[in-house]
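Numbering (the UniProt record's numbering), first residue to last: 1 to 442.
We treat Cβ as the ideally placed atom computed from N, Cα and C, and that holds for glycine.
Keep in mind that this is a model prediction, so the values were computed, not measured.
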Amino acid sequence: MVQTMISRFLKFSLTPVIVVLMLMAIIPVRGESAQIRTMSLKGSVNPGSAAWFQRVLDEANRDGDTLLLVELDTPGGLVASLRQMVQGVMASKVPVVVYVAPSGAQAASAGALLLLSAHVAAMAPGTETGAAHPVGIGGEVEKKSVMNAKIENDLAAFARSLAQKRGRNPVWAERAVRESIASTASEALVAGVIDTVAPSRSELLAFLDGRTVTTSAGAVTIRTSGMTVRAAEPTFREEVMMTIADPNIAYFLLLLGIAGLYFELTTPGAIFPGVAGAIALVLGAWAMQLLSVNVTGLLLILLAILFFGLELFVVSGGALAIAGLVALFIGSVMVFNQPEIGLVIDWWVFLPLFLSFSATVLLLVFMVLRSTRRKALSGMEGLVGETGTVEQAISEGRSGKVFVHGELWDASANVSIPAGAPVLVTGVEGMKLNVKQKSREG
Numbered sequence: 001m002v003q004t005m006i007s008r009f010l011k012f013s014l015t016p017v018i019v020v021l022m023l024m025a026i027i028p029v030r031g032e033s034a035q036i037r038t039m040s041l042k043g044s045v046n047p048g049s050a051a052w053f054q055r056v057l058d059e060a061n062r063d064g065d066t067l068l069l070v071e072l073d074t075p076g077g078l079v080a081s082l083r084q085m086v087q088g089v090m091a092s093k094v095p096v097v098v099y100v101a102p103s104g105a106q107a108a109s110a111g112a113l114l115l116l117s118a119h120v121a122a123m124a125p126g127t128e129t130g131a132a133h134p135v136g137i138g139g140e141v142e143k144k145s146v147m148n149a150k151i152e153n154d155l156a157a158f159a160r161s162l163a164q165k166r167g168r169n170p171v172w173a174e175r176a177v178r179e180s181i182a183s184t185a186s187e188a189l190v191a192g193v194i195d196t197v198a199p200s201r202s203e204l205l206a207f208l209d210g211r212t213v214t215t216s217a218g219a220v221t222i223r224t225s226g227m228t229v230r231a232a233e234p235t236f237r238e239e240v241m242m243t244i245a246d247p248n249i250a251y252f253l254l255l256l257g258i259a260g261l262y263f264e265l266t267t268p269g270a271i272f273p274g275v276a277g278a279i280a281l282v283l284g285a286w287a288m289q290l291l292s293v294n295v296t297g298l299l300l301i302l303l304a305i306l307f308f309g310l311e312l313f314v315v316s317g318g319a320l321a322i323a324g325l326v327a328l329f330i331g332s333v334m335v336f337n338q339p340e341i342g343l344v345i346d347w348w349v350f351l352p353l354f355l356s357f358s359a360t361v362l363l364l365v366f367m368v369l370r371s372t373r374r375k376a377l378s379g380m381e382g383l384v385g386e387t388g389t390v391e392q393a394i395s396e397g398r399s400g401k402v403f404v405h406g407e408l409w410d411a412s413a414n415v416s417i418p419a420g421a422p423v424l425v426t427g428v429e430g431m432k433l434n435v436k437q438k439s440r441e442g
């Protein structure tokens, strides 16, 4: 009886506790979700950094964070990736604060436009922003080009619209694109490009406390006092994407992959070049898929790889390898020369890599050709001067068989030579050896 009463007591008293604990595990606590989320965005703007930025922004909106603080230091990057990031900022209910920091950092090119798009734009002393003019594979593209004018006008309008959206200086924004002007933190503040110059994160957060901005959810008053700060870190996949999704890195991986596999095929058994080349080629292919490269240029690069492969099986004297290098050069220029989306490769990267790769391929072709000649020499002409034994007697006007270098050969001589006699190879006629009898003493 007593045991039954205890059982009922525990049942009815613990059930509400269990229910409360389950609800606490399922329903997020508002006090824990209201926080300041930060991320440090360094390096080029590319599909990898755009993916990381969007993930963190989505998490900030999902968790109802107070704001997302992006500490920015970038030389620029892909316009396509920039537009994805800007679209995320525009759709965000959580205020996005872009802070160019630390001292010595920059928000150049695409970074300047990301700064303009932020709900609050800030810079640390000793930083700069601007220089957003589009460039091509050789640096500055020809200003008289119709395509360049189209690209420039489009990017200038984009910059101007961002400035107007955030109540910033549209004239400066357009000049940053058309004239590549750049400004220091204090100059940007005076020009109405940013909202504040903050020497440190704590001073920036103090400036933000109580400030009202307009997001996609409407007017939002930022509260930073007493809020916890949580730093967001990229995943391993995002780290790899940010590293390889750069035209210069992608091109390096591509050439390294081709060179490694070609070296393995020309010198079988080396193992490491083949393994390293395969890994580099896979990463390079992934980078190209991320970058959405020019299809014609990519086809020319694939044609170059085909030519390099055929060189190993077709006797062309190096002609196929040279044709492959020509196709690779043209394809490389085309595949990474899309300034309309910011997809370009620097000449100082392109030329050294291409010339080094060309020298490597030509050296390997030379080694293959020399090895082929040596094999031909060792196959027949190389037998001259070697000794052997008569297996089938040789008579005048009739050939016999001799055993030389572990193989049985047809042989002829000026005189008859009995079986078992030692002979010396004096010449080669087609697949027949000319021999003479050798004294057993010599």
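Backbone secondary structure at residue i - three-state DSSP
i: Val190; result: helix
i: Val404; result: strand
i: Ala217; result: coil
i: Thr235; result: coil
i: residue 461; result: Nothing in the structure corresponds to residue 461, since the chain is present only between 1 and 442.
i: Arg211; result: coil
i: Val384; result: coil
i: Arg223; result: coil
i: Arg370; result: helix
i: Glu396; result: coil
i: Leu23; result: With a pLDDT of 42 at Leu23, under the threshold of 50, the modelled position of this residue cannot be trusted; read the value that follows with caution. DSSP places Leu23 in helix when its eight states are reduced to three.
First and last residue of the uninterrupted alpha helix (DSSP H) at residue i
i: Ser202; result: Arg201 to Leu208
Closest by C-alpha distance to residue i, when choosing among the options
i: Phe53; options: Gly76, Ile36, Thr66 and Val86; result: Val86
i: Thr74; options: Ala163, Tyr99, Ser399 and Trp286; result: Tyr99
i: Leu67; options: Thr38, Gln84, Gly77 and Asn46; result: Thr38
i: Ala419; options: Gly388, Leu433, Ala122 and Gly427; result: Gly388
i: Glu386; options: Asp246, Arg370, Ser103 and Gly406; result: Gly406
i: Leu206; options: Gly226, Ala278 and Ala276; result: Note that residue 206 corresponds to Ala in the displayed sequence, not to Leu. Among Gly226, Ala278 and Ala276, the Cα nearest to that of Ala206 is on Gly226.
i: Asp246; options: Ser292, Ala112 and Ser40; result: Ser292
i: Leu254; options: Ala231, Phe350, Thr215 and Glu174; result: Phe350
i: Ile249; options: Leu162, Ala287, Gly167 and Gly430; result: Ala287
i: Ala91; options: Thr243, Gly218, Arg175 and Thr184; result: Gly218
i: Leu114; options: Asp65, Arg166, Gly104 and Ser103; result: Arg166
i: Phe158; options: Val146, Ile181 and His133; result: His133
i: Ile194; options: Gly130, Gly277 and Asp63; result: Gly130
i: Ser186; options: Arg178, Arg175, Ser180 and Pro199; result: Pro199
i: Leu364; options: Pro268, Asn414 and Ile394; result: Pro268
i: Ile36; options: Ser44, Val45, Val70 and Pro47; result: Val70
i: Arg398; options: Ser412, Ser439, Ser81 and Thr243; result: Ser412
i: Asp154; options: Asn169, Ala173 and Arg168; result: Ala173
i: Leu325; options: Thr221, Arg160, Gly309 and Gln289; result: Gly309
i: residue 503; options: Leu383, Ala112, Val435 and Thr426; result: Residue 503 lies beyond the stretch modelled for the chain, which goes from 1 to 442, so this question has no answer here.
i: Trp347; options: Asn169, Gly274 and Tyr251; result: Tyr251
Residue span of the beta strand (DSSP E) that contains residue i, given as start and end
i: Val415; result: First-last for Val415: undefined, no H or E at that position.
i: Thr426; result: Pro422 to Glu429
i: residue 443; result: Residue 443 is absent from the model: the chain starts at 1 and stops at 442.
Classification of residue i by the beta-carbon crowding that lies within 10 angstroms, buried from 16 upward
i: Gln106; result: buried
i: residue 445; result: Outside the shown range of the chain, which is 1 to 442, sits residue 445, and nothing can be said about it.
i: Ile271; result: exposed
i: Leu433; result: buried
i: Val96; result: buried
i: Gln313; result: In the sequence under discussion, the amino acid at residue 313 is Phe, which differs from the Gln named in the question. The residue in question, Phe313, is exposed, as its Cβ has fewer than 16 Cβ neighbours within 10 Å.
i: Met22; result: Annotation note: pLDDT 46 at Met22 (below 50); position unreliable, no value reported.
i: Ser49; result: buried
i: Met123; result: buried
i: Glu429; result: exposed
i: Thr296; result: exposed
i: Thr214; result: exposed
i: Arg62; result: exposed
i: Glu128; result: buried
Min CB distance residue i to chain B below 8 Å
i: Ala122; result: Among the chains in the structure shown there is no chain B, since it carries only a single protein chain.
With a floor of 4 residues, list each alpha helix (DSSP H) that falls wholly inside the UniProt domain "NfeD1b N-terminal" (40-183), ordered by position along the chain. 47-63, 79-91, 110-117, 146-165 and 170-178
What runs of the alpha helix (DSSP H), each 4 residues or longer, lie entirely inside the UniProt domain "NfeD integral membrane" (248-363)? 272-291, 295-311 and 319-335
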